[in-house]
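Under the working numbering, read the sequence shown as residues 6 to 185, first letter to last.
Note that beta-carbon positions come from the ideal geometry of N, C-alpha and C, so glycine has one too.
Here's the structure we're looking at; comments come further down.
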Amino acid sequence: MRPQEPPSKLHIVSLGDTPEDAEERACSAVQSCFGMNCEILSPEPSPEFALDVSRDQYNSLEILDWLENRFPKPDQWILGITNVDLAIPVLTFVFGEARLGGPSAVISTFRLHEEFYGRSADTLVLLSRIEKEAIHEVGHMMGLTHCLDRNCVMYPSNSLSQTDVKSTKLCPECRSNLYS
Ligand SMILES: [Zn+2]
Ligand SMILES: [Zn+2]
């Protein structure tokens, strides 16, 4: 679903204890990719309401519902960034989730840390992954679906290696689909 109109502004909000600079980097990445205004809001607490105790993971769809109720302005989209592990019922985990066509999305930094895979921390790599996941989910809000070009930011990531291969850019085809 293509949005009727792109939003006047994208708001970014952290939910819980997110990595330093995560919101700033996501904000500037989204701004430079889509040319939209972006503003960082005051942090919100960790989304404990979405905890699925049986999986020890957080339901990303419940977080989207919460974001839409907490920030109910249809012309101002909202992107949450959280450090908790996200999942939906049919998948073991998700890096992020978005409403196609807006107005909300959420990304998780939980599985973007090198430490999660038993390697040493790498801030530059972490922030680059956050940029790609943020742009990818905002791309869905802008109405873009997945792309087969492995370098395109709209290529789906089911594993971190796929995130690392892709760029922070839209391929020419996705870019031409944006406002066509
Ligand atoms: Zn996607
Ligand atoms: Zn593409």
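Going by the CB atoms, is the gap between residue j and residue i shorter than 8 Å?
| i | j | result |
| --- | --- | --- |
| residue 86 | residue 19 | yes |
| residue 109 | residue 66 | no |
| residue 92 | residue 64 | yes |
| residue 147 | residue 183 | yes |
| residue 165 | residue 116 | yes |
| residue 156 | residue 176 | yes |
| residue 143 | residue 84 | yes |
| residue 25 | residue 45 | no |
| residue 14 | residue 62 | no |
| residue 168 | residue 134 | yes |
| residue 151 | residue 105 | no |
Using the beta-carbon count (16 or more within 10 Å), is residue i buried or exposed?
| i | result |
| --- | --- |
| residue 55 | buried |
| residue 23 | buried |
| residue 162 | buried |
| residue 60 | exposed |
| residue 171 | buried |
| residue 16 | buried |
| residue 11 | buried |
| residue 52 | buried |
| residue 141 | buried |
| residue 160 | buried |
| residue 132 | buried |
| residue 39 | buried |
| residue 149 | buried |
Can you round the beta-carbon distance between residue i and residue j to whole angstroms, since I take them to be within the 8 Å contact cut?
| i | j | result |
| --- | --- | --- |
| residue 89 | residue 125 | Between residue 125 and residue 89 the Cβ distance is about 23 Å, and since that is not below 8 Å, they are no contact. |
| residue 139 | residue 58 | Not quite, the Cβ-Cβ distance comes to about 28 Å (not below 8 Å), so this is no contact. |
| residue 101 | residue 111 | 6 Å |
Among the residues of its own chain, which have a CB less than 6 Å from the CB of residue i, if the five just before and after it don't count?
| i | result |
| --- | --- |
| residue 49 | 18 and 20 |
| residue 43 | 15, 32, 35 and 36 |
| residue 78 | none |
Could you pull out every residue in the same chain whose Cβ sits closer than 7 Å to the Cβ of residue i, ignoring the five residues on either side in sequence?
| i | result |
| --- | --- |
| residue 107 | 8, 12, 82 and 146 |
| residue 127 | 119 |
To which residues of the same chain is residue i closer than 8 Å at the C-beta, ignoring the five residues directly before and after it?
| i | result |
| --- | --- |
| residue 99 | 65, 91, 92, 93 and 113 |
| residue 47 | 18 |
- Task: Please specify which runs of the alpha helix (DSSP H), each continuous and at least 4 residues long, are wholly inside the stretch 46-81, giving them in chain order.
- Result: When DSSP assignments are scanned along the stretch 46-81, the uninterrupted stretches of alpha helix (DSSP H) that are 4 or more residues long and fall wholly within it turn out to be 65-75.
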